[in-house]
Amino acid sequence: MKKANDFAARVSGLPYDFFIDTNDKGDSLRYGDLLLPHEGTVNYLAWGPWHSDPNWDGEGATKKDRNNIERARYIGYGYYGEQVSNVFFPPDRFGDWKPFNSNGIVEKPWDDSAVRQAFPQFFGPSHRFDGKTDPDLIKAMQIGLDYCAWGNEFTPPDPSSDLYQNPQKFVHIFLPPSEQTFGMGVMFHRDTDGSLWYRSVPLTDLNRTKFNPDDAISLDPPECTGNPGDSAAFSLKVNWQEIKSLQEIAADYGFDFGFLIQVSHQVNGSPNAAAFTMDGMQSQDAGNGWAQIDYTDLSDASKTSSVSVHVQDVPSEVVAQIVPYVKDKESGYVLLWTDYYLYKQAKAKVAPNNIPKPPEQQITTGSGLHFQAISQRNAVTGQEIDPPREPDTAKWTDTVTATLTPLRVQSVVNVDESVDYGTTVAPPLPPGGGCEPAYTT
Numbered sequence: 006m007k008k009a010n011d012f013a014a015r016v017s018g019l020p021y022d023f024f025i026d027t028n029d030k031g032d033s034l035r036y037g038d039l040l041l042p043h044e045g046t047v048n049y050l051a052w053g054p055w056h057s058d059p060n061w062d063g064e065g066a067t068k069k070d071r072n073n074i075e076r077a078r079y080i081g082y083g084y085y086g087e088q089v090s091n092v093f094f095p096p097d098r099f100g101d102w103k104p105f106n107s108n109g110i111v112e113k114p115w116d117d118s119a120v121r122q123a124f125p126q127f128f129g130p131s132h133r134f135d136g137k138t139d140p141d142l143i144k145a146m147q148i149g150l151d152y153c154a155w156g157n158e159f160t161p162p163d164p165s166s167d168l169y170q171n172p173q174k175f176v177h178i179f180l181p182p183s184e185q186t187f188g189m190g191v192m193f194h195r196d197t198d199g200s201l202w203y204r205s206v207p208l209t210d211l212n213r214t215k216f217n218p219d220d221a222i223s224l225d226p227p228e229c230t231g232n233p234g235d236s237a238a239f240s241l242k243v244n245w246q247e248i249k250s251l252q253e254i255a256a257d258y259g260f261d262f263g264f265l266i267q268v269s270h271q272v273n274g275s276p277n278a279a280a281f282t283m284d285g286m287q288s289q290d291a292g293n294g295w296a297q298i299d300y301t302d303l304s305d306a307s308k309t310s311s312v313s314v315h316v317q318d319v320p321s322e323v324v325a326q327i328v329p330y331v332k333d334k335e336s337g338y339v340l341l342w343t344d345y346y347l348y349k350q351a352k353a354k355v356a357p358n359n360i361p362k363p364p365e366q367q368i369t370t371g372s373g374l375h376f377q378a379i380s381q382r383n384a385v386t387g388q389e390i391d392p393p394r395e396p397d398t399a400k401w402t403d404t405v406t407a408t409l410t411p412l413r414v415q416s417v418v419n420v421d422e423s424v425d426y427g428t429t430v431a432p433p434l435p436p437g438g439g440c441e442p443a444y445t446t
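Be aware that the sequence shown starts at 6, since it is given in the numbering used here, and climbs by one per residue.
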């Protein structure tokens with residue numbers, strides 16, 4: 006309990022204990038477990054018993070979650086007697102696997118009068134943990150946003166998004182986390198019609214915030230060359246850390262969590278499945294230009310394989326990637342997370358030896374575009390003028406011919422070279438000047 010109160014004090018900046026024996030409502034502090042398939046996955050500290058909302062669900066009403074476990078809307082009460090929402094209570098509205106972003110999410114909901122009026126049960130007289138930027142608290146909220154996405158059937162937030170980078174702007178916190186217990190928070194969504202909805206956001210225990218995956222995938226060597234039709238071989242290495250807790254949380258929400266190892270040979274931007282074998286398993290053609298092996302055993306792993314492709318008559322690329330996914334146990338729906346922080350990718354080049362270079366350009370150096378007046382008359386008398394005008398000069402009454410002789414080639418760029426845009430590719434502008442006086446000859 007001391008560590009829990011020490012962290013609460015660190016975040017809030019207040020010197021007294023948060024987790025005390027009884028709250029303002031007179032409820033006793035309770036250490037709870039959310040009764041999940043993996044016992045002890047989510048433990049929490051809250052005051053008073055779990056309970057329903059008679060206004061929304063009926064007196065004593067519960068709902069069954071994906072694991073067929075009866076859930077109440079609230080797990081207990083907060084310090085001031087506010088309701089603490091249950092992150093495993095089936096949502097009132099699902100996200101249909103749309104992107105989970107900050108669009109419509111209310112910023113600083115604790116200061117929003119419409120939110121406080123619509124959901125008075127979520128707010129007390131103080132919001133001591135809201136808007137705080139403690140790095141451990143931020144990380145706990147970021148991981149909690151992933152869990153919130155799963156529970157509400159959204160795709161996880163983009164790690165570069167404002168919602169993920171600055172969750173303290175959007176999440177109202179009832180309970181701070183500790184090393185052994187989850188914290189609890191809530192965020193609010195305002196629809197285009199002005200209606201408000203809430204989403205429960207768990208704040209993962211602080212032990213999980215220390216998880217910093219160094220999952221990696223590599224291809225070696227970084228480049229192979231050969232004649233078209235030759236075989237180009239690469240060593241494929243995969244490493245991932247044990248993420249058993251993440252897999253267990255997914256299972257608690259009713260999902261299978263795993264990794265796909267995928268390899269593709271991309272020629273002219275078109276992907277082609279590149280077969281490989283790993284752990285005695287042969288890859289399968291995923292039908293989208295990728296060969297893949299599905300891993301659900303996510304214990305610590307370091308795996309090595311090899312990939313061979315044929316050299317093409319144009320440069321190509323081998324791409325290998327680790328793709329995390331979740332699979333809905335009920336519907337079988339699979340969601341690939343290529344924008345998730347566990348996603349990793351490696352690339353290697355395949356280059357043909359004999360790309361023919363274009364022949365040297367034999368172009369006579371010229372002087373560009375020039376004009377010559379061939380028929381010239383005095384604008385007043387209409388008489389022919391002799392001698393001829395100087396080149397590149399004329400009057401508006403003259404007949405003019407134009408002659409173009411090509412300029413010197415500055416450089417030749419081959420198919421496997423980059424263009425040097427610093428090279429001059431056009432002649433300089435002609436000298437400035439205007440028309441001669443109208444009646445001079």
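The beta carbon of each residue, even a glycine, is placed where N, CA and C say it ideally should be.
- In this structure, DSSP gives Gln317 a state outside helix and strand, which the three-state scheme calls coil.
- Between Gln350 and Ile222, the CB-CB gap stays under 8 Å.
- Tyr300 sits away from Pro329, with the two beta carbons spaced by 8 Å or more.
- If you ignore the 5 residues before and after Gly259, its C-beta comes within less than 8 Å of the C-beta of Asp70, Arg71, Asn72, Asp333, Lys334 and Glu335, all in its own chain and listed in chain order.
- DSSP places Trp102 outside both helix and strand once states are collapsed to three, so it counts as coil.
- The beta-carbon distance between Leu224 and Val323, rounded to whole angstroms, is 6 Å. This is short enough to meet the 8 Å contact definition.
- Annotation for Phe12: the continuous alpha helix (DSSP H) segment containing it runs Lys7 to Ser17.
- Rounded to whole angstroms, the gap between the alpha carbons of Thr160 and Asn10 is 34 Å.
- Counting only residues of its own chain and dropping the five nearest sequence neighbours on each side, Lys144 has a CB closer than 6 Å to the CB of Thr214.
- A straight-line Cα-Cα distance of about 4 Å links Ser313 and Ala238.
- For Ser321, the closest of Asp302, Gly285, Phe175 and Pro276 by C-alpha to C-alpha distance is Pro276.
- Between Tyr84 and Asp32, the CB-CB gap reaches or exceeds 8 Å.
- A residue is called buried once 16 or more other Cβ atoms fall within 10 Å of its Cβ, and Ile266 is buried on that count.
- Beta-bridge partners assigned by DSSP to His132: none are found.
- Measuring C-alpha to C-alpha distances from Thr197 to each of Gln252, Asn108 and Val268 identifies Asn108 as the nearest.
- Lys354 has Glu228 and Glu322 as its beta-bridge partners, per DSSP.
- Assignment of beta strand (DSSP E) within the stretch 120-183, counting only whole runs of 3 or more residues, yields 177-180 in chain order.
- By the C-beta density criterion, Asn60 is exposed, having fewer than 16 other C-beta atoms within 10 angstroms.
- Bounds of the beta strand (DSSP E) holding Asn277 are Ser275 to Ala278.
- Annotation for Pro114: Val120, His177 and Phe193 place their beta carbon closer than 6 Å to its own, counting only its chain and skipping 5 residues before and after.
- Taking a cut-off of 8 Å on C-beta distances, the stretch 138-155 touches the stretch 181-193, as three or more cross pairs fall below it.
- One thing to note: Lys7 has its Cβ no nearer than 8 Å to the Cβ of Glu184.
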